[in-house]
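Position one of the sequence shown corresponds to residue 138 (this note's numbering), numbered consecutively onward. What follows is a single structure, written as structure tokens, with notes after it.
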Amino acid sequence: MRRWGIRKKVLVVTLVPTLITTLMLGLFFSLSWVKNIEQLLQDRGDSLSRQLAAGSEYGMFTANRSLLSSLSNALLEEQDVRSITFYDASRQRLLHTGPGYREPIDSSALTQSNALRHQRRNSTLFITPVFLQDLMIENMLELEPIPGNPRSSDPIGWVAVEMSHIRTEKETYKALLISLLLVLAGVAASLLIAVRLSRAFTHPIFELNEAVARLKEGKLDTRVYTEAGPEFEQLESGLNAMAAELSKAQAEMQQNIDQATEDLRETLETIEIQNIELDLARKEALEASRIKSEFLANMSHEIRTPLNGIIGFTELLLKGPMPKQQRDHLNTIRKSSEILLTIINDILDFSKIEAGKLILDRVPFQLRDIVEEVMVMLAPAAHGKNLDLVPLVYADVPDNLMGDPLRVKQVITNLVNNAIKFTQTGEVVLRASLEDEDPENHRVTLRLSISDSGVGLSRAQQQSLFNAFNQADASTARQYGGTGLGLAISKRLVEEMGGNIGLESELGKGSTFWFTLSTDLSATVGTAPPRDALGGERLIYLEHQKTSGLAVEHLLRDWGLEVDRAGSPTELREKIAEAQQKQAGYALAMVGITRHLLHSSQYCSLIRDLELERDCRTLLLTPTLETQDDPLSKLASGHLTKPVCRDTLYDELLLLIHGIENTKAKPAAKSGPVLLEHDTTPRVLAVDDNEANLKLVLTLLRDQNIEAEGAASGFEALSKARQGRFDLVFMDLQMPGMDGVETTERLRSLDSEGKRLPIIALTAHALADEQARLVAQGFDGYIAKPISSRQLMETIREYTGFQGQYLPDHQNVAEVRDTRRGIRPSTRKKQQDCVSVEESIQLAAGKTDLAEELFSMLLEQLQGDRQRIRELWQQQQLDELLECVHKLHGAARYCGVPELRAMAEQLETGLKRQSPELESLTEQMLAAMERLEIWSDQTDWQSQFRAFDTETTAHPET
């Protein structure tokens, strides 16, 4: 309540007691009223039944049904009386008047000598016995007693009066309604009083705030008089005094300004002379402007020459081997250069169109390629405004067309760029559909429309929109820039190509620009290569942007994939788990997100679970990223930016689902190594307590002819660092005795002034929060195991400048991926494979003998580690258990033991996070170790390694 305003506090203090009191009173009176109504019904029933019993005494004694019937009919006229029944002394019904009973009367109820009351669902039955009065007997005729007549103490019969609840229920509802209305009226009155009271408190404060705001705007004549009482008088007088002082200061400043103005007037004669000179200069400037215009027209041709050179040499570079990031950069340079060339050509195009000298090319082209190029080129601008940019080219649109692709691209670029420019939120969608087809003449008419959710256009703006230079000043969207020349050129270009252009727009609801393209079909442009390698594969797709999801889903279904959609991360996780339980898991999970979800912990957890827990490959679809350091793209196996291109998406799916890298579009590798120049070879120190890990790192370094030394502990590393100079250190984190952090701290004390020894952390497992802590602990970088030779060489090149003696071409041609895990198909079942010989050889950089040795070393330490893990868990020595599991995890990272590696990673994570499922994880870890030992005892694994080596030698191209 401390942060509540005065108005809220007044409302609470006023309303809460009033509401509580009103509700309590309303509840009390409602219950009392209802109870009185029920009691009144019971009293009337008792009274009527007693009266009827007294009145029917004679009729019951004489069994005069006519008399009883008249009594009952008279009583039925009373309100709430539903029926009347008479019973004789033998408990047999003598007479019944009114509707029949829904429930029969138990004969045991007629044995009582007192009046009874039976409550029913919609009525109450009042039963009263009828006694024969002594006075009546004495006045009767002197008759002999009749045998069998009842005694005066026994009832001669019973009267049952049934009282209906209908009117009582109506009165009850009426009472409740009146109480409710009274409560609501009381609440409304309390609320009105509270609001008026709060306004009396807050209105003076608001007036003072408005006065301060007007003073801030410079309205110094503002004065405030709230008349709210003595509490505000002192504040009002202070505020008015301050306004008076400010007004006085402004007046003095105005006098100074007037004096300065007078001084400036004295210079007018000089300015007039200068104006004459400026007029002469203006005429010269106009002449110069005309000359410059001619020069610009002449030089626009010359400017295109270097731009074409930039585009040409960029294309040559794109044909060579390079990492994906550099290839993306070159593609951006090429596409940006083309846009710049298009802008420069607009000047000449407009002049050519006006002069009627525009000549259109007629060459084969593919419409889908043009659409994708435009979308990829304009995606950064759209994604920078959080817009969804979607191309929808329907399946019936042919791709082999004849025409001028540059002009078609120019029109599409202009319309899409305008849509992005005038749209602040929502989406921009390009749709291409087949409007008309003439199979005999091989001619089609296409309709391309660009829809946006932007500001829209009024009818007056639409009329002059395609006129050159007219809408620049008349349009209300002038703030977005542009002269309108592009739309005028687009209109003339479409008309020159035999089509029409138009728009449909409503102010405030977006616009749809469309144009038709009439063109012939080309017989020389080949159709797209068959994409049937993914047919029948099951894929699950989660997409936050509805239109993007629709476009991608249609594309996937055209390729023969079965696509299941998920509406949320939870649903995605549940469907994948359910499919794996049925041994029919998905081949891939695609996750499309928006910019604001790039750093979402929920999606980081989702992708981490899918990749590590479910062993399901994930393909992340994100907007164009400004940087590559977002955590999601590092966790996922694949990452593409929106809008996705057909070839890129297909190749990525082929790689993630089947592990096949499509190299058809890539240049062939040259024969022999590529020699790289460097004068000096760095000295590298590798520190790791695991013998297998240390041997692999040293092998990879020495294969590159790098002078490398190993150290099995922190003390040995310090000793070697003191004995000689090293250019780079690879440091394992967890080691017995002196760990990697302490060793790094001591190595830092050996740094000379102005020279820092680069130290790179090596670990088999690191959580996200640990990576940031490594930098604070003195490490210069971080590499997660398993380590590839490319990772090592890139790190060495970054910190030492050494390029290595040679690097195979395919390392540069292939896309640079996250080396922390290899790309492999998704697990379609719940349990992972125990051993993969192929993966072991891959992790050993393709060296079969090294992979066999590493696997043998793992088996040697497995039995001892299993016993030690069991003992440490039983003794609850979790720190020692974490160290043992970490070492085993590090060894498993370099061997093809997917199940053991996964279990070790889960147990290590659980130990670090103190998971409540440690017992289950430990048992699973021990079971995985036991299965691996059984597999090694029952399998001739040495022959499998050597057979793989023989197969690779016989087929080197694989």
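Where a beta carbon is used, it is the ideal one built from N, C-alpha and C, also for glycine. For clarity, every value in this text was computed on a predicted model and none was experimentally measured.
Which residues does DSSP pair with residue i in a beta bridge?
| i | result |
| --- | --- |
| MET727 | TYR678, LEU756 |
| SER648 | SER642 |
| TYR919 | ALA898 |
| SER301 | SER260 |
| ILE587 | LEU567, PHE650 |
| ALA703 | LEU679 |
| SER220 | GLU299 |
| ASP657 | ARG580 |
| PRO528 | LEU567 |
| THR778 | THR759 |
Closest by CA to residue i, which one among the options?
| i | options | result |
| --- | --- | --- |
| SER167 | LEU318, PHE223, MET875 | LEU318 |
| GLN600 | SER642, VAL534, GLY672, ASN537 | SER642 |
| ASN555 | SER588, GLN998, GLY635 | SER588 |
| VAL592 | ARG584, PHE559, GLY623 | PHE559 |
| GLY647 | GLU632, SER595, ASP657 | SER595 |
| VAL113 | THR562, LYS892, PRO501 | Past the edges of the chain, shown from 138 to 1095, lies residue 113, and the structure says nothing about it. |
| PRO706 | ARG745, ALA724, VAL689 | ARG745 |
| THR818 | LEU835, ILE843, ARG839 | ILE843 |
| LEU692 | ARG754, THR755, LEU786, ILE626 | LEU786 |
| THR151 | ILE221, GLU364, PHE338 | PHE338 |
| LEU212 | PRO535, SER993, SER184, ASP506 | SER184 |
| ASP840 | LEU884, GLY983, THR731, LYS779 | GLY983 |
| THR731 | ASP695, LEU837, SER685 | SER685 |
| ASP133 | TYR531, GLN561, HIS776 | Within the shown structure, residues of the chain are numbered from 138 to 1095, placing residue 133 beyond reach of any answer. |
| ILE330 | LYS522, VAL153, TYR678, ASP525 | VAL153 |
| ARG893 | TYR740, ASP864, GLU997, ASP225 | ASP864 |
| LEU792 | PHE1085, SER774, PRO780 | SER774 |
| GLU572 | LEU585, THR562, ASN578, LEU231 | LEU585 |
| TYR310 | GLU406, ASN412, ILE174 | ILE174 |
| ARG257 | ALA226, SER301, ILE978 | SER301 |
| GLU708 | TYR678, GLN176, LEU405 | TYR678 |
Residue i by DSSP, collapsed to three states: which one?
| i | result |
| --- | --- |
| GLY237 | coil |
| PHE939 | coil |
| ILE496 | coil |
| THR1076 | coil |
| TYR787 | helix |
| LEU594 | coil |
| GLU708 | helix |
| LYS803 | With a pLDDT of 40 at LYS803, under the threshold of 50, the modelled position of that residue is not reliable, and no figure is offered here. |
| GLU354 | coil |
| ASN839 | Residue 839 is actually Arg in this sequence, not Asn. Three-state result, ARG839: helix. |
| PHE852 | helix |
| MET868 | strand |
| ALA773 | coil |
| PRO819 | coil |
| HIS255 | strand |
| ARG1083 | helix |
| ARG751 | coil |
| ALA226 | coil |
| PHE502 | strand |
| VAL153 | helix |
| GLY697 | coil |
| PHE268 | coil |
Report back the beta-carbon spacing between residue i and residue j to the nearest angstrom; my notes put them in contact at under 8 Å.
| i | j | result |
| --- | --- | --- |
| LEU899 | MET872 | Not confirmed; about 11 Å, so no contact. |
| GLY877 | SER850 | Not quite, the Cβ-Cβ distance comes to about 10 Å (not below 8 Å), so this is no contact. |
| ALA823 | ALA858 | The Cβ separation is near 12 Å, so there is no contact. |
| MET727 | LEU671 | No, MET727 and LEU671 are not in contact; Cβ-Cβ is about 13 Å, not under 8 Å. |
| GLY697 | GLY673 | 6 Å |
| PHE652 | VAL631 | 5 Å |
| LEU467 | THR451 | 5 Å |
| GLY635 | ASN551 | Between ASN551 and GLY635 the Cβ distance is about 18 Å, and since that is not below 8 Å, they are no contact. |
| LEU658 | HIS579 | 4 Å |
Residue ranges of each beta strand (DSSP E) within the segment 535-579, 3 or longer: Counting only unbroken stretches of 3 or more residues, the beta strand (DSSP E) elements lying wholly within the segment 535-579 are 538-540, 564-575, in sequence order.
Ranges of the beta strand (DSSP E) found wholly within the segment 980-1038, counting only runs of at least 3: Listed in chain order, there is nothing to give.
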